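Protein chains in written order, with the working numbering: chain A, 257 to 517; chain B, 490 to 789.
What follows is the structure, given as C-alpha cells:
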C-alpha cells in the first residue's frame, strides 16, 4: 500500500510539471519579497537606518506576510488546488486514472498529498524570498550593514506551520469542488467569492466560522482589529476539524460517484 | 477458456435501457471485434467491463475473476483506451508514459520500446498538445501496451486516423496478438475496420448482442443468396412473364430484382424468358457481403 502510494504520488507530482499551478507556486511565493526588495533598492537612502534598527527581521517578516496572509496564500490555495485537481478533467484522463491498478483511496489521497506538498513548497519559497529580501540590499548597496539580529528559524517554523494549518480548510473545500466540477471556473469562481466574503466578514464575530478567512485572522491576531475576534482561540483546531470533515465528505462523494471518468 | 465474460449484462441511464442482457465471451488469445453502430452500447459495455460504471445487473469476469471484487488485480493485466485518448497535453510522449510506468512498475526501458512500436520515438521534447490526432491515438495505444497486459481493450482506436494510420493500427494489433499472445478486444462501428484482423466478432445493436462467433461463422452468412437480378431486352414484358409464374419482382435501376431463388429455379426462370423470345443479357445472384450482413443484423 505504501509503495503504491509513493508511486502514485510520484506520478501525480510529474503531472504538475509545466502546469500553471506549479508556475503560480513560484511566482506567487516570490512576488512580495521581490517587490519589497525592489522598493528598498529604489529608496536606498533609508536602508542604513533600517538595517541598523532592532527587530529588523520581525518587521520584514510582518511586512511580507501582510499581502501573503490576506491575498496570496488563500488565493494560491484556491488556484493551485483547483487547477491540480482539474488536470484530469482537462486531459480527459479520469477514465485512465480509474483503470490503473490503484485503489480509489490512493487516487484520492495521492492527488491531495501533491497539493499539500505544493502548499509547503509555496511557504518554503516564500521564506527563502523573505531571507533574500533581507540580505540582498545589504549585499548590493554600499554602506548598508548586514541586518541586525538573526533570521530565527524556530518561531518562523511555528508561524509557517500555523499558516499552513489555517489554509487547510480552503484546500479541502476547493478539492471537493474541483473533483466534482468539469469546468475549472466553477471551483475557482466559488473559491474567489468565498475569499471576498471572508475579507468582508473578517472583523465580524462570525468570521471564525468562515474558513476562507483563517489566514487573515491569524495575521491579525496581535493587531487591535484582530483582538476583536473574540473567538480566535482555537482557530487552528477549528481549521483542522474543518479540513478533516470536508476531506471525509469529499472522499465519500468521490468513491460513490456512479460514473468514473 | 475465456479471457473475458459477461453474463446477462444490462444497464440503464435514467429511463433508457442502454444494454439488455449482453452475454459476451472473449476467448483467450483472440482478437475480438466488438461491432455496432454509434449508440448501440459498445462504450457503455467497455466502461462496465473496466469498472468505470457500476454494474446494475449481470456479472463481468476477466481472467476468471469478478471485476467488482478483484478490480486492482485484474487491472494490473489490462491495458485500455476508452473513447478519445487520455493525454496530459503539457507533457511529452515519454512523460505521459512515465506516469503509467510508475504505477505499473514496469522497466523504464519499456517507454522507449512502446514509443518505437507506435512510431513516436522521435517526438523528443514535443508536447502532446502539439501532436496530430493520429499521434495522440498512437500514444494512447502505447500507454495501453506499456505494461505488456494480457488483455487490451481499445474503443474505436482508429477514430480520426487516415487510411495509412488505420492500416498501421491494424497491423500493430495483429503483431501484438501473434507475438505476445495477448487478447485484444477492439470496438468499432465499421465492420471493414476489423474484419481483416478479428478472429471473433460480437455485434451489438440497440443494446442487444445480435451475433457472436468467429469471423468464419460470420463469413458463412455470405454464402446465403440475398437476391436475383435479371436484365433482358424487354424488362417490362419479362416482369409480367415472371408474375404469371408467381415470382414477384420489381424494377430497380434498369434491372429486375427478384427474391432469393434456388439454383434450379434460376435455371428454369432463364428457360421461361428465352421461351418467350426475351433476350437475357444478364442473370446473376447477389450474395451478402459482410457489411450487408452487419447492417442487416443491426437493422439499418
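The beta-carbon is built from N, C-alpha and C at its ideal position, and this holds for glycine as well. These numbers come from a predicted model, not from an experiment.
Where the beta strand (DSSP E) through residue 548(B) begins and ends
One-based indexing of the second chain puts residue 548(B) at position 59. Residue 548(B) -> beta strand (DSSP E) spans 546-551.
Segments of 3+ residues assigned as beta strand (DSSP E) that fall wholly inside the stretch 688-739 of chain B:
689-694, 697-703 and 714-721
Go to residue 676(B), then tell me how far its beta strand (DSSP E) extends in each direction, as first and last residue.
Start at 1 with the first residue of the second chain, and residue 676(B) comes out as number 187. Note, residue 676(B): beta strand (DSSP E), 672-677.
Less than 8 Å between the CB atoms is what I'm expecting for residue 517(A) and residue 354(A), so what's the real figure, rounded?
Taking the first chain and counting its residues from 1, the one referred to as residue 517(A) is at position 261. Taking the first chain and counting its residues from 1, the one referred to as residue 354(A) is at position 98. Yes, they are in contact, since the Cβ atoms of residue 517(A) and residue 354(A) sit about 5 Å apart, within 8 Å.
Would a C-beta distance cut-off of 8 Å place residue 635(B) and residue 701(B) closer than the cut-off?
Counting from one through the second chain, the residue named residue 635(B) turns up at place 146. Counting from one through the second chain, the residue named residue 701(B) turns up at place 212. Not closer than 8 Å, so no.
Nearest-angstrom Cβ-Cβ length linking residue 198(A) and residue 463(A), presumed shorter than 8 Å
No answer is possible for residue 198(A): the residues shown for chain A start at 257 and end at 517.
Which residues mark the beginning and the end of the beta strand (DSSP E) in which residue 495(B) is found?
Taking the second chain and counting its residues from 1, one reaches residue 495(B) at position 6. Unbroken beta strand (DSSP E) run through residue 495(B): 491-502.
For a contact meaning CB atoms closer than 7 Å, what does residue 348(A) contact in chain B?
Translated into the one-based positions of the first chain, residue 348(A) becomes position 92. Simply 573 and 575.
Using a C-beta to C-beta distance shorter than 8 Å, which residues of chain A count as neighbours of residue 579(B)?
To locate residue 579(B), count along the second chain from 1; it is residue 90. Ordered by position in chain A, the residues that pass the 8 Å Cβ test against residue 579(B) are 273, 274 and 275.
Rounded distance between the beta-carbons of residue 632(B) and residue 585(B), thought under 8 Å:
Along the second chain, read from residue 1 onward, the residue named residue 585(B) stands at position 96. Along the second chain, read from residue 1 onward, the residue named residue 632(B) stands at position 143. At roughly 7 Å, the Cβ-Cβ gap stays under 8 Å, so residue 585(B) and residue 632(B) are in contact.
So that I know if they touch, is there some Cβ in chain B lying closer than 8 Å to that of residue 301(A)?
Mapped onto the first chain, residue 301(A) falls at position 45. No - not a single Cβ of chain B is within 8 Å of the one on residue 301(A).
Please decide whether residue 561(B) counts as near chain A, where near means a Cβ-Cβ distance under 8 Å.
As a working note, residue 561(B) is residue 72 in the second chain. Yes, residue 561(B) lies at the interface with chain A (some Cβ there is under 8 Å from its Cβ).
Bridge-paired residues (DSSP) for residue 748(B):
Position 259 of the second chain, counted from the start, is the residue given in the question as residue 748(B). Answer is 716(B), bridged to residue 748(B).
Any beta carbon from chain A within less than 8 Å of residue 531(B)'s own beta carbon?
As a first step, residue 531(B) is located in the second chain; it is residue number 42 there, counting from the start. Chain A, which has no Cβ nearer than 8 Å to the Cβ of residue 531(B), makes this no.
Apart from the five residues just before and just after residue 334(A), which ones in its own chain have a Cβ nearer than 7 Å to its Cβ?
In the first chain, counting from the first residue as 1, residue 334(A) sits at position 78. Closer than 7 Å at Cβ, skipping near neighbours: 426, 430, 444, 447, 448 and 451.
Between which two residues does the alpha helix (DSSP H) harbouring residue 358(A) extend?
Locating residue 358(A) in the first chain gives position 102, counting from the first residue. No alpha helix (DSSP H) holds residue 358(A); DSSP gives it neither H nor E.
Check the Cβ of residue 359(A) against every Cβ in chain B and list those closer than 9 Å, keeping chain order.
Taking the first chain and counting its residues from 1, the one referred to as residue 359(A) is at position 103. The answer, in chain order, is 560 and 561.
Starting from the C-beta of residue 571(B), find all residues in its chain whose C-beta is less than 8 Å away, skip the five residues before and the five after it, and write them out in chain order.
Here residue 571(B) corresponds to residue number 82 of the second chain, with the count starting at 1. The answer, listed in chain order, is 532, 535, 536, 539, 541, 642 and 644.
Do you know whose CA, among 514(B), 549(B) and 682(B), lies nearest residue 653(B)'s CA?
One-based indexing of the second chain puts residue 653(B) at position 164. It is 682(B) whose Cα lies nearest to the Cα of residue 653(B).
Residue nearest to residue 512(A) in terms of C-alpha spacing, selected from 543(B), 660(B) and 622(B):
Within the first chain, residue 512(A) is the residue found at index 256, counting from 1. Nearest option by C-alpha distance: 543(B).
Roughly how many angstroms separate the alpha carbons of residue 440(A) and residue 341(A), rounded to a whole number?
On the first chain, position 184 is the one that residue 440(A) refers to. On the first chain, position 85 is the one that residue 341(A) refers to. Approximately 9 Å, taken between the alpha carbons.
Just checking, does the stretch 361-371 of chain A make contact with the stretch 316-324 of chain A on the three C-beta pairs under 8 Å criterion?
no
Is residue 783(B) closer than 8 Å to residue 680(B) when the C-beta atoms are compared?
For this step, residue 680(B) is matched to residue 191 along the second chain. For this step, residue 783(B) is matched to residue 294 along the second chain. For residue 680(B) and residue 783(B), yes; Cβs fall inside 8 Å.
Is residue 444(A) helix, strand or coil when you go by DSSP?
Residue numbering aside, residue 444(A) sits at position 188 when the first chain is read from its first letter. Residue state, collapsed to three classes: helix.
Label residue 317(A) either buried or exposed according to how many other C-beta atoms from any shown protein chain fall within 10 Å of its C-beta, with 16 as the threshold for buried.
Position 61 of the first chain, counted from the first residue, corresponds to residue 317(A). By the neighbour-count rule (16 or more Cβ atoms within 10 Å), residue 317(A) is buried.
Alpha-carbon to alpha-carbon, residue 688(B) and residue 260(A):
Translated into the one-based positions of the first chain, residue 260(A) becomes position 4. Translated into the one-based positions of the second chain, residue 688(B) becomes position 199. So the two alpha carbons sit approximately 37 Å from each other.
Which residue wins for smallest C-alpha separation from residue 566(B), given the options 587(B), 595(B), 583(B) and 573(B)?
For the purposes of this step, residue 566(B) is identified with residue 77 of the second chain, where counting begins at 1. For the residues 587(B), 595(B), 583(B) and 573(B), the minimum Cα distance to residue 566(B) belongs to 595(B).
Neighbourhood of residue 422(A) by C-beta, 6 Å cutoff - its chain only, sequence neighbours within 5 removed
As a working mapping, residue 422(A) is identified with position 166 in the first chain. Here the set comprises 470, 471, 474 and 495.
I'd like the span of the alpha helix (DSSP H) that includes residue 323(A), first residue to last.
The residue labelled residue 323(A) in the question sits at position 67 within the first chain. Run containing residue 323(A): 312-323, per the alpha helix (DSSP H) assignment.
If you follow the beta strand (DSSP E) that residue 641(B) is in, where does it begin and where does it stop?
In the second chain, the residue the question calls residue 641(B) occupies position 152. Note, residue 641(B): beta strand (DSSP E), 640-644.
Residue(s) in a DSSP beta bridge with residue 768(B):
For this step, residue 768(B) is matched to residue 279 along the second chain. Bridge partners of residue 768(B): none, in fact.
Measure from the alpha carbon of residue 351(A) to the alpha carbon of each residue in 503(B), 576(B), 580(B) and 583(B), then state which is nearest.
Locating residue 351(A) in the first chain gives position 95, where the first residue counts as 1. Checked all of 503(B), 576(B), 580(B) and 583(B); the closest Cα to residue 351(A) is 576(B).
At which residues does the beta strand (DSSP E) containing residue 522(B) begin and terminate?
Reading the second chain from its first residue, position 33 is the one you call residue 522(B). Its beta strand (DSSP E) spans residues 520-524.
Between the stretch 305-319 of chain A and the stretch 379-399 of chain A, do at least 3 Cβ pairs fall closer than 8 Å?
yes
Going along chain B in order, which residues have a C-beta closer than 7 Å to the C-beta of residue 367(A)?
Residue mapping note: residue 367(A) aligns to position 111 of the first chain, counting from 1. Under the 7 Å cutoff, chain B gives no residues; its nearest Cβ is about 12 Å from residue 367(A).
Compute the Euclidean distance between the alpha carbons of residue 721(B) and residue 573(B), then round it to the nearest angstrom.
Against the second chain, residue 721(B) aligns to sequence position 232. Against the second chain, residue 573(B) aligns to sequence position 84. Taking the straight line from one Cα to the other gives about 52 Å.
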